[in-house]
Amino acid sequence: MSGNKASKQKLCHHCNSRSASAPPGTSSIHYEKSWLYRHCSLQQRDRQAQKSGQLFSGLLALNVVFLGSAFISSMIFNHVAITLADVWILLSILKVLSLCWIIYYLLGTSRQPHAVLYRDTHAGPVWIRGSLLLFGTFSILLNVFQIGYSVIQINCKSKVEIVFPSIEILYVATQAFFLWHHSKDCIQVQHNLTRCGLMLTIATNLLLWLLAVTNDSIHMEIESQLREVEQRLAGKAPSPRPCSCWADAASSSPHCLPLLTSGNETDSCACPNTTTCKVFQKGYILLYPFNTEYCLICCSVLYVMWKNVGRRISHHHIAHVKPKFKLQGVVFGPLLGAAAVIIGICVFMMYQIQATGSAPNYQVFVLYYSYYIVLLPLMCIVAIIGTIIHTLEKRELDTLKNPTRSLDVILLMGAALGQIAMSYFSIVAIVATNPRDKLNSLILSYSVLLIFQYITQNIFIIDGLQRQPFVAAEAQHTAHAGQLSVVPELPGEGTTTPSSSQEHTHTSPSKEEEANEEHIREAHDQRRVSVLELGQEFRRVSLSYIHTYSHLSWKRKALKEISFFLVLCNIILWIMPTFGAHPVFENGLQKSFYGYSTWFAIVNFGLPLSVFYRMHSVGGLLEVYVSA
Numbered sequence: 001m002s003g004n005k006a007s008k009q010k011l012c013h014h015c016n017s018r019s020a021s022a023p024p025g026t027s028s029i030h031y032e033k034s035w036l037y038r039h040c041s042l043q044q045r046d047r048q049a050q051k052s053g054q055l056f057s058g059l060l061a062l063n064v065v066f067l068g069s070a071f072i073s074s075m076i077f078n079h080v081a082i083t084l085a086d087v088w089i090l091l092s093i094l095k096v097l098s099l100c101w102i103i104y105y106l107l108g109t110s111r112q113p114h115a116v117l118y119r120d121t122h123a124g125p126v127w128i129r130g131s132l133l134l135f136g137t138f139s140i141l142l143n144v145f146q147i148g149y150s151v152i153q154i155n156c157k158s159k160v161e162i163v164f165p166s167i168e169i170l171y172v173a174t175q176a177f178f179l180w181h182h183s184k185d186c187i188q189v190q191h192n193l194t195r196c197g198l199m200l201t202i203a204t205n206l207l208l209w210l211l212a213v214t215n216d217s218i219h220m221e222i223e224s225q226l227r228e229v230e231q232r233l234a235g236k237a238p239s240p241r242p243c244s245c246w247a248d249a250a251s252s253s254p255h256c257l258p259l260l261t262s263g264n265e266t267d268s269c270a271c272p273n274t275t276t277c278k279v280f281q282k283g284y285i286l287l288y289p290f291n292t293e294y295c296l297i298c299c300s301v302l303y304v305m306w307k308n309v310g311r312r313i314s315h316h317h318i319a320h321v322k323p324k325f326k327l328q329g330v331v332f333g334p335l336l337g338a339a340a341v342i343i344g345i346c347v348f349m350m351y352q353i354q355a356t357g358s359a360p361n362y363q364v365f366v367l368y369y370s371y372y373i374v375l376l377p378l379m380c381i382v383a384i385i386g387t388i389i390h391t392l393e394k395r396e397l398d399t400l401k402n403p404t405r406s407l408d409v410i411l412l413m414g415a416a417l418g419q420i421a422m423s424y425f426s427i428v429a430i431v432a433t434n435p436r437d438k439l440n441s442l443i444l445s446y447s448v449l450l451i452f453q454y455i456t457q458n459i460f461i462i463d464g465l466q467r468q469p470f471v472a473a474e475a476q477h478t479a480h481a482g483q484l485s486v487v488p489e490l491p492g493e494g495t496t497t498p499s500s501s502q503e504h505t506h507t508s509p510s511k512e513e514e515a516n517e518e519h520i521r522e523a524h525d526q527r528r529v530s531v532l533e534l535g536q537e538f539r540r541v542s543l544s545y546i547h548t549y550s551h552l553s554w555k556r557k558a559l560k561e562i563s564f565f566l567v568l569c570n571i572i573l574w575i576m577p578t579f580g581a582h583p584v585f586e587n588g589l590q591k592s593f594y595g596y597s598t599w600f601a602i603v604n605f606g607l608p609l610s611v612f613y614r615m616h617s618v619g620g621l622l623e624v625y626v627s628a
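1 is the number of the first residue of the sequence shown in the UniProt record's numbering; add one for each residue after it.
As structure tokens, then:
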């Protein structure tokens, strides 16, 4: 059995008994090829333990999500038996359990010896963690507004509506701190407990997102307010109970949905006519989308941490030089992108002014969709050009294991399904009704172009993420640019002014006047030197930028320009639906075709995913820009 002694793997009891009972002529048998040896190897046992831990924690999260989904669905279909307060109590329990594990991880697990031996450099980039802090801050403000709104209406509000956002503030703040400092950890101790804690936190965030997109009380309140404005303009009294109505195709009478309440609200619970109450109400409605985005980002970062539990990163998995973000090598991309952003903000402001004053008119919808119809083809064209350039490049594919990149691809493909589904539903509704109408034709073109834009942009981003960055060439060009940035001194910069003081010494009538003149000359010289230094620094930066741009190949220039242009376009396309521009719900076409409840469910599913896609694609495009 000398061949087996050369192996460094430790054999179990069955393997030792098998080798002891083997005949003397079987010394050439390689047990690493047998099923028994593979089962007994230490590496295989570790892999099986990892898969078992992932399976158990995944089943835990699945059961929690199913339980929460059952509560939320029961609240929607039978809000008398299961109220919103019951759902809040369940989510509060889950948040408290997640908080206990996060605090234990911060104070116990992460501080154990040899707990964090490796850190995933690809996980938790700065823009993801920055967006976590941004959306987390807005989520905290959202809960502050909700507490203030409930305190003002304390007579008709449940106490749960004050306790739930208070726990939410503590949960959001603690989770943001945890993800900011530990999103890159590859924990090496307490694997099963860490996996279960991460999956419990993921399930809690998913349920919070699901409640946010299915709780239609806020949207129904907006609908009821719009109807009250229309009724006041028509000279009619508003309805006593806020509800949301839609016309059924089989009946001429409208059907109404009552507002979902927390269980103890009365029908007369309405916001008093005070400035404070209106501020809390409008602030809550304005900040509502940020909470959904925060939950989705947390789920993505926590999933990467879950994949990295027990992961050992070898030296060849570590990037040689991680490229940094530098605003160099781009000229036309920022200019065109800035123009798209400025025009988009103008269109958005015009739309919001019309939408908040009264119902949006026909011209505002035409202007809104026309902006998209002009911008989306440009984004499709540049994405196709970028994909073609990727195929012409000689950069090798990055085939190393990278959970962050795999998750980015999954999120890009999954989040795109929301807007694509909404677009196909809109196409069917328009084709089945009146596709030749001007507004309907604009909506039809808008829906088709959105599908093509999502597909082409996903191909461009995914292809760019799988390429190795230009690291060596970037280092050479930067060093050469640094050498050229040492510009010669400006004429007269190295000269001093003692000669000028010597010229005037014989004309000074006294020592005091001489000192005053010397002081004035020194102040003048200091201002002159500061201006010269500023000019020299500007020349140095300009020469470095021009040199970097001129020494980039045309492929790298094009990729940087395309990536930066798409970044700015996705930012403005993220801003418009996030801050209230929802023409897919306000134009009335799809709502009248599918009915209020069906179209509301479609929009509540697709719109948050669409907003999340725009924000996540910005991060992917920045990765492509940096690697180029």
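For every residue, glycine included, the Cβ atom is placed at its ideal position computed from N, Cα and C.
In the three-state DSSP reduction, Arg111 falls in the helix class (H, G or I).
Taking C-alpha positions only, Ser447 is separated from Arg312 by approximately 46 Å.
Note that the segment 599-606 touches the segment 574-591; at least 3 beta-carbon pairs, one per stretch, sit closer than 8 Å.
In the DSSP assignment, Cys299 falls within the alpha helix (DSSP H) that extends over 275-307. When C-alpha distances from Leu296 are compared across Leu207, Ala383, Ile381, the shortest belongs to Leu207.
Note that the C-beta distance between Ser131 and Met615 is below 8 Å. Taking Leu375 as reference, the option from Thr391, Leu444, Tyr351, Ile343 with the minimal CA-CA separation is Ile343. A residue is called buried when at least 16 other Cβ atoms come within 10 angstroms of its Cβ; Tyr371 meets this threshold and is buried. Here the C-alpha atom of Lys159 lies approximately 12 Å from the C-alpha atom of Ile152.
Taking 8 Å as the upper bound for CB-CB distance, Phe280 and Gly148 are in contact here, some 4 Å apart. Collapsing the DSSP output to three states places Cys156 in coil. Going by C-alpha positions, Phe348 is about 30 Å away from Val626. Exclusion of the five residues before and after Arg129 leaves Trp180 as the residues of its chain whose Cβ lies within less than 6 Å of its Cβ. By DSSP's assignment, Cys186 forms a beta bridge with Tyr118. Nearest to Leu134 by alpha-carbon distance, out of Gln54, Ala176, Pro608, is Ala176. For Ala81, no alpha helix (DSSP H) run applies, since DSSP gives it neither H nor E. The residues Gly344, Phe348, in chain order, have a CB closer than 7 Å to that of Met576 in the same chain once the five nearest residues on each side in sequence are set aside. Cβ-Cβ separation between Asp185 and Val116: approximately 5 Å, consistent with a contact (criterion under 8 Å).
Taking 8 Å as the cut-off, the Cβ atoms of Val624 and Ile389 do not count as close. Boundaries for Ser553: no alpha helix (DSSP H) harbours it, and the DSSP string shows neither H nor E there. As the crow flies, the alpha-carbon of Ile410 is around 42 Å from that of Cys277. By the Cβ neighbour-count rule, Leu392 is exposed, with fewer than 16 other Cβ atoms within 10 Å of its own. Straight across, the Cα-Cα distance linking Met350 with Tyr288 is about 22 Å. As summarised for the segment 430-472, there are no continuous beta strand (DSSP E) elements at least 3 residues long confined to that stretch. By alpha-carbon distance to Tyr303, the top candidate from Ala61, Phe564, Pro608, Gln457 is Ala61. Cβ-Cβ distances below 6 Å link Pro125 to nothing in the same chain once the five nearest sequence neighbours on each side are left out. Classified as exposed, His114 has fewer than 16 neighbouring CB atoms from the shown chains inside 10 Å of its CB. Boundaries of the alpha helix (DSSP H) harbouring Arg195: 191-214, taken from the DSSP string.
For Phe585, same chain residues with a beta-carbon under 6 Å away, outside a window of 5 residues either side, are Val603 in chain order. Looking at the backbone, the Cα of Phe77 and that of Tyr362 are separated by about 35 Å. Annotation: the continuous alpha helix (DSSP H) that includes Asn604 extends over 596-627. Two segments are said to touch when three or more pairs of C-beta atoms, one from each, lie closer than 8 Å; by this definition the segment 98-114 touches the segment 194-214. Cβ contact annotation for Ser183 (same chain, cutoff 6 Å, sequence separation greater than five): Ala123, Gly124, Val301, in chain order.
Contact between Phe565 and Gly414 does not hold, since the beta-carbon distance rounds to 25 Å and is not under 8 Å. In the same chain as Asn143, and ignoring 5 residues on each side of it, the C-beta atoms closer than 6 Å to its own belong to Pro165, Glu168, Ile169, in chain order.
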